[in-house]
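A.B. asks:
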């Protein structure tokens, strides 16, 4: 803290004196403000300007007229969406992928971390981790490309299932397999990376607890249940709350790569809708309104799951 | 990765100190006193086999792709399960580098990655240093502004309108370099790191007549090289792997396309149904051979694999510094 503000004042923070000190502080820290400026401008332009741009959800936005010049239409686009006959399909597809992620994708890193934690050979564990973290750094385009080469009609997995089952499974072009492919790719890509945070939480467990439990005759499973799992419970709750915030995110950049005309009935989610209506068809206002509804639901989900966590005695996200 | 914000600073030393207990824990949680029960041994065997299989599943596709990229089309059709081709050939690679398209995409990606990472580091470090000073007036306002933006955003369409219609950045490199100039999450971690640097060091420099910028450049940055390396690598991998921004903002500037967008076009769109073929470049209406596709995947993954050892050295620390409660 600075000591340059001079002798203690009897009435600090009032009137002229306040402004004089504010001015002195601003001059003293002028270089810091200069350093702050680029980042501040960045947040204003690329984060807060788009938030203000949400008003186009209530307008009939035309790029030529701009945000100020476009006609105000109130809730028209929201009504329009709910009158659209197949809006429920978009919602159901979104929810199906979300729930499959919650059931299969979310617990996978926890299980893997617990299993890695039980390994005795540290060197072998490290080697396995080296492999497990790799897919996190591979781009989603490459993940989808590899999937196509392996599961597509001339791919090795496609041919293998053809041999075993007697008939080919159209992995890439069928609504039935679409969701499983999406969740499978997500699990393959992120499970290893996801273990880091749980392994970190596991390092905090007091070794003496295990020794005491062993003296009391607790077996491996009992120790897992009574010591290890409670130790990472708050991390699990935290990750679950964060997961809730992105519950409706099906990952537009992932889905639009996997979507094609054959699996359309399963690949149409809210994210894909926003992309197709907004960026492909140029219906900016309509797409923005649907995106806004999604964000609002996400915030409600985060806040309410955080509340539930507090009720269960967890510290939660905030 | 967790988006948790760590308000108290976690200096590096603290994380390093956490390592020893980890080792003793792992040594004792499973091992001590369990090796002699048969149930424990069965579990161990199962655990090793299962984890080995999981690890193999994560890298098997890469090994297969690398092997197949050196195979001839004929051999690939005859022996789909090959790992090492009998008659290796580099035809696929020769083809890739004979077309301008992929070499050009590679250069674009390299340019975007290098300049984008420099922009990221400049914006992140300057802002993080300024708001790491508690004496700065207005600091809490800026801090709250950053944190709020981590939980709520304008969304895809308003962001597009700002970049494309208001700033007119469409079809320029700026449209992929600027919108992600700061990751709020990374910036908060760097800020916490700066707060952990002893104040005395900086004060002695300012007594010697250094301005705040001089202190940052001469004292703070040399002390933060590992942190800069960590986030530089994270940002760089992000740029190399990004395709969505380039796809939507530079749709009209083919000559500026990075590798990922080209990859999407020649592998994903050429595999999709005929309806999507209309979007494609005439040069690739004939889908390239399988081995060429595999070779393109290898070429675009090699840079990541080159930095992976460095990534691995830093990322665990990076995640832990930011994500642990301390």
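Chains as they are written, first to last, in the numbering used here: chain C, 1092 to 1409; chain A, 16 to 341.
Here a beta-carbon is modelled for each residue, glycine too, at the ideal position from N, C-alpha and C.
Remember, predicted model here, so these are calculated numbers, not experimental data.
Using a beta-carbon distance cut-off of less than 8 Å, what residues from the segment 115-137 of chain A approach chain C?
C.D. replies: Answer in chain order: 137.
A.B. asks: For residue 61(A), report the span of its alpha helix (DSSP H) as first-last.
C.D. replies: Element bounds for residue 61(A): 53-84.
A.B. asks: Is the separation between the beta-carbon of residue 175(A) and that of residue 271(A) shorter than 8 Å?
C.D. replies: Going by C-beta atoms, residue 175(A) is not nearer than 8 Å to residue 271(A).
A.B. asks: Quick one: what's got a C-beta closer than 8 Å to residue 134(A)'s C-beta in the same chain, skipping five residues either side?
C.D. replies: Answer for residue 134(A): 192, 193 and 196, listed in chain order.
A.B. asks: Does any residue of chain A bring its CB to less than 8 Å from the CB of residue 1166(C)?
C.D. replies: For residue 1166(C), the answer is no, since every Cβ of chain A falls outside 8 Å of its Cβ.
A.B. asks: Hey, how far is the Cα of residue 121(A) from the Cα of residue 76(A)?
C.D. replies: Their Cα atoms are separated by approximately 22 Å.
A.B. asks: Quick check on the DSSP output: what are the complete alpha helix (DSSP H) runs of length 4 or more inside the segment 1208-1270 of chain C, in order along the chain?
C.D. replies: DSSP runs (the alpha helix (DSSP H)) wholly in the segment 1208-1270 of chain C: 1213-1224, 1231-1242 and 1247-1256.
A.B. asks: Quick check on residue 1110(C) - is its C-beta less than 8 Å from some C-beta in chain A?
C.D. replies: It does not; no Cβ of chain A falls within 8 Å.
A.B. asks: I'd like to know if residue 1224(C) contacts chain A, where contact means its C-beta is closer than 8 Å to some C-beta of that chain.
C.D. replies: Yes - at least one Cβ of chain A is within 8 Å of the one on residue 1224(C).
A.B. asks: With 8 Å set as the bound, which would you pick, yes or no: does the beta-carbon of residue 99(A) sit closer than that to a beta-carbon of chain C?
C.D. replies: It does not: the Cβ of residue 99(A) has no partner Cβ on chain C nearer than 8 Å.
A.B. asks: Where does residue 1401(C) land, buried or exposed, given buried means 16+ other C-beta within 10 angstroms?
C.D. replies: Exposed, because fewer than 16 other Cβ atoms sit within 10 Å of the Cβ of residue 1401(C).
A.B. asks: Could you say if the segment 1135-1148 of chain C and the segment 1305-1325 of chain C meet the contact criterion of at least three C-beta pairs nearer than 8 Å?
C.D. replies: Judged by Cβ distances under 8 Å, the segment 1135-1148 of chain C makes no contact with the segment 1305-1325 of chain C, as fewer than three pairs qualify.
A.B. asks: Determine, for residue 13(A), whether the minimum Cβ-Cβ distance to residues of chain C falls below 8 Å.
C.D. replies: Any question about residue 13(A) goes unanswered here, given that chain A covers just 16 to 341.
A.B. asks: To the nearest angstrom, report how far apart residue 9(A) and residue 214(A) are at their CA atoms.
C.D. replies: Residue 9(A) is absent from the model: chain A starts at 16 and stops at 341.
A.B. asks: Between the segment 80-95 of chain A and the segment 233-242 of chain A, can you find at least three pairs of beta-carbon atoms closer than 8 Å?
C.D. replies: Counting Cβ pairs under 8 Å, fewer than three are found: no touch.
A.B. asks: Going along chain A, which residues have a C-beta under 8 Å from residue 1331(C)?
C.D. replies: What residue 1331(C) touches in chain A: nothing, since even the nearest Cβ is about 12 Å away.
A.B. asks: Please tell me whether residue 1287(C) and residue 1326(C) are closer than 8 Å, where the distance is taken between their beta carbons.
C.D. replies: Going by C-beta atoms, residue 1287(C) is not nearer than 8 Å to residue 1326(C).
A.B. asks: Considering only the beta carbon of each residue, do residue 1349(C) and residue 1278(C) sit closer than 8 Å?
C.D. replies: Cβ distance not < 8 Å, so residue 1349(C) and residue 1278(C) don't count as in contact.
A.B. asks: How would you list, in chain order, the residues of chain A whose beta-carbon sits under 8 Å from the beta-carbon of residue 1221(C)?
C.D. replies: Simply 327.
A.B. asks: Is there a Cβ from chain A that is less than 8 Å from the Cβ of residue 1267(C)?
C.D. replies: Not an interface residue.
A.B. asks: Closest to residue 95(A) by C-alpha separation, out of 1243(C), 1112(C), 1171(C) and 1235(C), would be which residue?
C.D. replies: The residue with the shortest Cα to Cα distance from residue 95(A) is 1243(C).
A.B. asks: Going straight from the alpha carbon of residue 1396(C) to that of residue 103(A), what length do you get?
C.D. replies: Cα-Cα distance, rounded: 56 Å.
A.B. asks: Could you tell me which residues DSSP puts in a beta bridge with residue 1072(C)?
C.D. replies: One cannot answer for residue 1072(C) here, as it falls past the ends of chain C, which runs 1092 to 1409.
A.B. asks: Where does residue 254(A) fall in DSSP's three states?
C.D. replies: Helix.
A.B. asks: So, does the CB of residue 76(A) fall closer than 8 Å to a CB anywhere in chain C?
C.D. replies: Yes - at least one Cβ of chain C is within 8 Å of the one on residue 76(A).
A.B. asks: Could you tell me whether any Cβ in chain C is nearer than 8 Å to the Cβ of residue 171(A)?
C.D. replies: Chain C, which has a Cβ nearer than 8 Å to the Cβ of residue 171(A), makes this yes.
A.B. asks: Assign residue 293(A) to one of two classes, buried (16 or more other C-beta atoms within 10 Å of its C-beta) or exposed (fewer than that).
C.D. replies: Unreliable positioning characterises residue 293(A) in this predicted model, as indicated by a pLDDT of 43, which lies under 50. A coordinate reading is not provided.
A.B. asks: In chain E, which residues lie less than 7 Å from residue 1278(C) when you measure between Cβ atoms?
C.D. replies: Considering every chain present, this structure includes no chain E. Its protein chains are C and A.
A.B. asks: Spell out whether any CB of chain C is found under 8 Å from the CB atom of residue 268(A).
C.D. replies: Closer than 8 Å: no.
A.B. asks: For residue 132(A), which three-state DSSP category applies?
C.D. replies: The answer is helix: DSSP assigns residue 132(A) an H, G or I state.
A.B. asks: What's the C-alpha gap between residue 9(A) and residue 1354(C)?
C.D. replies: Because residue 9(A) is not part of the residues shown, which for chain A are 16 to 341, the question remains open.
A.B. asks: Tell me which residues share the same chain as residue 1263(C) and place their Cβ nearer than 7 Å to its Cβ, disregarding the 5 neighbours each side in the sequence.
C.D. replies: Answer for residue 1263(C): 1239, 1242 and 1243, listed in chain order.
A.B. asks: Pair every Cβ in the segment 105-115 of chain A with every Cβ in the segment 303-318 of chain A, then say whether three or more of these pairs are closer than 8 Å.
C.D. replies: These segments touch.
A.B. asks: Any C-beta of chain A within less than 8 Å: which residues of the segment 1129-1157 of chain C qualify?
C.D. replies: Cβ contacts with chain A: 1129, 1130, 1131, 1133, 1134, 1136, 1137, 1138, 1139, 1140, 1141, 1142, 1143, 1144, 1145, 1147, 1152, 1154 and 1157.
A.B. asks: Using DSSP with H/G/I as helix, E/B as strand and the rest coil, what is residue 1175(C)?
C.D. replies: Looking at residue 1175(C) - three-state DSSP - the assignment turns out to be coil, as it is neither helix nor strand.
A.B. asks: Going along chain A, which residues have a C-beta under 9 Å from residue 1391(C)?
C.D. replies: The contacting residues do not exist; residue 1391(C) stays about 12 Å from chain A at best.
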